[in-house]
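Colleague: My numbering puts the first residue of the sequence shown at 570, with every later residue one more than the last. Note that CB positions come from ideal geometry on N, CA and C, so glycine has one too. Could you have a look at this structure, given as structure tokens, before my questions?
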Amino acid sequence: MMKLSGFILWMCATSRILSAALPSTLSIIKCEVLEYTSITCYWETTNHTVDHSSYRLQVNKTDCDSSFFSEGLCDTRGSHCSIQPINSAFHCFCADVLAVTSDGSIRSPHFCFNGINQVKLHPPAITLLGPAAGRSDCVQMGWKMRYTLPNREKSFRWLQMEYTTHEQTWSQTFQAYAKDRMELCDLYPGSRYTVKLRAQDSRAPTHWSSWTSKDFMTEEKAPSAAPRLWRHIRPAEETRKRQLSLLWKPLSWPEANGVVLSYTASCRSDVDSSQWTCGTLDSSKTSCDLTVSLNACNCSLTAANSAGTSPPSYIYIPGHTDKKLPPPPSISVISLDETRLKLEWTTAPNQSETGCVVQWIYILHNETTGLHWQHLNETSRSFILTGLLPEVPYNLSVMSLYEGIAGGDTSLIAFTREGAPSVGPELTVLKTSGKTIHLQWDPVPIGKLHGFIKNYSVLYSINGKDKREQVGGDVEQIYLNGLMEGTYNICVMAHTVAGGAAGPWQMVALGYDDVQVIPILMCALLLIFVILILPVCMRVRIKRCLYPTIPDPSKSTMSAWSNWKPGQNTSSTVSSFFSNGQTTHYSGYSEKDYSPVQVLSPQAVGRTTDNMAQPNICNYTSMKTTEEPKPNLQVDFINQSYIRPDQIMSDCYQDGCQSLNEPFLHTVLSYQSVPTAQEKLCDYIHVSQSSLSSVTIVDSYRTLAFDECPRVFQGLPEDHGT
């Protein structure tokens, strides 16, 4: 290792010494004399360290013998320099270059030359460019040289002219001063050209002037050829009609003879002279749709520019019942790369074909706008399709032409490159019975296939065990036999040569044939519905049972009685009160007012004692009353009775206003005396009607007159309370 590193250091040192010892070379390559303008010289050096030096060019003019006169100097850091102005090129010149470096200076050898042999002319000027009179394929062109020369010099000046259009170029060289204008003929009508001129002195054959260029347009002419026409036929929605799409290719150069402005397409029936037309269409259109009859018809198409109309192109549409001419027997396709396919076909035997049409379309595109087609001659047996996309299905077809009439087509689907499907098949369970599951699946949509299906795999698992069944690409259903009872997870995978994709998984229960799952579920749902709806339906009935209707006293016959009688003193009032539980309620009334009180309290009422004052009660629940002892027990009552408030109040005052407790209330509500007359019924207050645990004071009340008692007594309702 030490020896190798030492050898490398020795080599580097030696190369530096040698490079320093060898002289650097600096030489002038060429010099150009721009006519009456400047002299430009170009040089080069063999030492790269000199490339970044400063240079000085010196040019001396000589009489081509031995005398030298300085023409000028120029400084630069590049590889060329110009000295200007000069008065003439008819001299001899010698030039040298001085390079100044950090190590010193280097001068090049003298480069001597005759100026006229290195002269470079100025480009000529184009003064005229326009159409020639009476000829649409010719133009007039004129030019002018920059300097006027003596006649002896004019013979040395030459011009080179080029005119190009659509990647085609014509070139011509002629003497500049032989004439000052000329005609350019045999040009294409309605075409854009570019013309260029440059000049040269014949004594300096290596130096041409720069180009002078100008564009021009030839006059238009009516299109010389008919556009290519094709058709696509499909059934229409109307009965006994067909949908016909006419397709054409734009006229190309040079047949267009200008700019196409419009197309006109129409069809005429051969049977009844019916006519269908698309009218005049914009030049951007390449198709039109017509609804025609089932009879045979002829269709035509013309193109027009500003100068006229093209010859028509025709196509024959056979009738719906006409016999179809034979298609190509077979076609095949070869993938060349990801964007190209080569289509090959054979011809029908004993048939005189006049050509064929190749069609191709991406399957998911519209048949009118997405259809590509190409006319080929009768000798063609193959065609290369370009500009295709990988993993995209294309429908390719070939139709033979017989005297312009199209025969049947032979087609196939092809991919430039296949890929894996983007989705899997959708699975359907047709039937489960015993130990068998019958499955069916839908094919993957062709737009998501990205290739041809090689086979399908049916995947199913139970209890963590996975199994697989494989079938061909043309099979769309399968029976899974010999299965055990249980619930299976099943899916189907579609495979191409590039890979596969699985569809959604499904759960399938097997072995429960005796148990009809769906009927059981339906019965359970029905039962739940009945359970939920029954309380709603029984709500009204239950409510009536739990909450009976309580009569409204305001709507009874008592509400119509007058509460005023003559001689009644309303100035003095007494306080009528009653007790409910342990709470005493008071209500102020007039002295002679009777107050109907509604008592709603199911409470235990004690037995009244014999020495307690028994108020007179006018009970209308029964026409017959008896005095019976009251047992000391819990009672729920619905009772209607009347008691006089003055009796209650008198007892209150006599007994020192003792509180009206439960025994007193029991006495008031339950005491019944034998009336001596019907009139005593009217001197009492209406006491109760309910069994609820609250007391409600009825605001409506009135005092009965004495003569009303018999009538009221007869009309009082019976007490149905318990």
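So residue 698 and residue 785 are in contact, right, with Cβ under 8 Å, and what is the actual spacing, rounded?
Modeller: 5 Å
Colleague: DSSP puts residue 816 in a beta bridge; with which residues?
Modeller: 799 and 856
Colleague: Among 812, 1012 and 974, which has the Cα closest to the Cα of residue 991?
Modeller: Per the Cα distances, 1012.
Colleague: Count Cβ pairs between the stretch 905 to 916 and the stretch 977 to 990 that sit closer than 8 Å; are there 3 or more?
Modeller: The stretch 905 to 916 vs the stretch 977 to 990: in contact.
Colleague: If contact is defined by three or more beta carbon pairs under 8 Å, each pair taking one atom from either stretch, is the stretch 687 to 701 in contact with the stretch 760 to 779?
Modeller: Inter-segment contact for the stretch 760 to 779 and the stretch 687 to 701 is present: three or more beta-carbon pairs are separated by less than 8 Å.
Colleague: Sorted by chain position, which residues of the same chain lie with C-beta nearer than 8 Å to residue 875's C-beta, five sequence neighbours on each side aside?
Modeller: 789, 827, 828 and 830
Colleague: Verify whether the separation of the beta carbon atoms of residue 816 and residue 800 is less than 9 Å.
Modeller: yes
Colleague: Since residue 684 contacts residue 659 with CB under 8 Å, what's their CB separation in whole angstroms?
Modeller: 6 Å
Colleague: Is residue 811 buried or exposed, if buried means 16 or more other CB atoms sit within 10 Å of its CB?
Modeller: By the 10 Å Cβ count, residue 811 comes out buried.
Colleague: Could you tell me which whole alpha helix (DSSP H) segments of length 4 or greater appear in the stretch 697 to 773?
Modeller: 720 to 723
Colleague: Go ahead and pull the three-state DSSP assignment for residue 992.
Modeller: coil
Colleague: Fully enclosed by the stretch 1065 to 1109, which beta strand (DSSP E) runs are 3 residues long or longer?
Modeller: 1068 to 1071 and 1075 to 1079
Colleague: Please give me, in chain order, every unbroken run of the beta strand (DSSP E) with length at least 3 that falls completely inside the stretch 908 to 984.
Modeller: 909 to 914, 924 to 931, 941 to 945, 951 to 954, 963 to 971 and 974 to 983
Colleague: Pair every Cβ in the stretch 923 to 943 with every Cβ in the stretch 953 to 967, then say whether three or more of these pairs are closer than 8 Å.
Modeller: yes
Colleague: Return the chain-ordered ranges of every beta strand (DSSP E) run that is complete within the stretch 1012 to 1065 and spans a minimum of 3 residues.
Modeller: Within the stretch 1012 to 1065, the complete beta strand (DSSP E) runs of at least 3 residues are 1024 to 1031, 1034 to 1041, 1046 to 1049 and 1055 to 1065.
Colleague: Residue 726: buried (16+ other C-beta within 10 angstroms of its C-beta) or exposed?
Modeller: buried
Colleague: For the pair the stretch 1057 to 1066 and the stretch 1017 to 1036, tell me if three or more CB-CB distances fall below 8 Å.
Modeller: Yes: the two stretches touch, three or more of their Cβ pairs being nearer than 8 Å.
Colleague: Report the three-state DSSP secondary structure of residue 888 (helix, strand or coil).
Modeller: coil
Colleague: From residue 896 to residue 738, what does the alpha carbon distance come to, in whole angstroms?
Modeller: Approximately 44 Å between the Cα atoms of the pair.
Colleague: Please go through the same chain and pick out, in chain order, the residues whose beta-carbon is closer than 6 Å to the beta-carbon of residue 793, but skip the five residues on each side of it.
Modeller: 824 and 826
Colleague: For the pair the stretch 709 to 726 and the stretch 745 to 761, tell me if three or more CB-CB distances fall below 8 Å.
Modeller: yes
Colleague: Helix, strand or coil for residue 685 per DSSP?
Modeller: Assignment of residue 685 by DSSP, reduced to helix, strand and coil, places it in the helix class.
Colleague: Rounded to the nearest angstrom, what separates residue 918 and residue 1060 at their Cα positions?
Modeller: 50 Å
Colleague: Among residues of its own chain, excluding the 5 on either side of residue 704, which ones have a beta-carbon nearer than 6 Å to its beta-carbon?
Modeller: none
Colleague: Beta-carbon within less than 6 Å of residue 1057's beta-carbon, same chain only, minus the 5 sequence neighbours each way: which residues are those?
Modeller: 1029, 1031 and 1077
Colleague: Pop quiz: residue 995 and residue 1042 are said to be a contact at Cβ under 8 Å. What is the actual Cβ separation, rounded to whole angstroms?
Modeller: That pair is no contact at about 16 Å.
Colleague: What three-state label does DSSP hand residue 663 in the structure shown?
Modeller: Residue state, collapsed to three classes: strand.
Colleague: Excluding sequence positions up to five away, which residues of its chain have a Cβ less than 7 Å from the Cβ of residue 854?
Modeller: 832
Colleague: Among residues of its own chain, excluding the 5 on either side of residue 753, which ones have a beta-carbon nearer than 7 Å to its beta-carbon?
Modeller: 707, 708, 710 and 732
Colleague: With DSSP as the reference, please indicate the residues paired to residue 837 in a beta bridge.
Modeller: 844 and 867
Colleague: Determine the burial state of residue 1046: buried for a count of at least 16 other Cβ atoms within 10 Å of its Cβ, exposed for fewer.
Modeller: exposed
Colleague: Taking only three categories from DSSP, how would you classify residue 900?
Modeller: strand
Colleague: Rounding to the nearest angstrom, what Cα-Cα distance links residue 852 and residue 601 in this structure?
Modeller: Our two residues, residue 852 and residue 601, have alpha carbons roughly 53 Å apart in a direct line.
Colleague: Of the residues 892, 935 and 837, which one's Cα is nearest the Cα of residue 856?
Modeller: 935
Colleague: On the three-state DSSP scale, how would you describe residue 1113?
Modeller: helix
Colleague: Answer yes or no: do residue 556 and residue 766 have a C-beta to C-beta separation smaller than 9 Å?
Modeller: The shown model of the chain, from 570 to 1291, leaves out residue 556, and the question about it has no answer.
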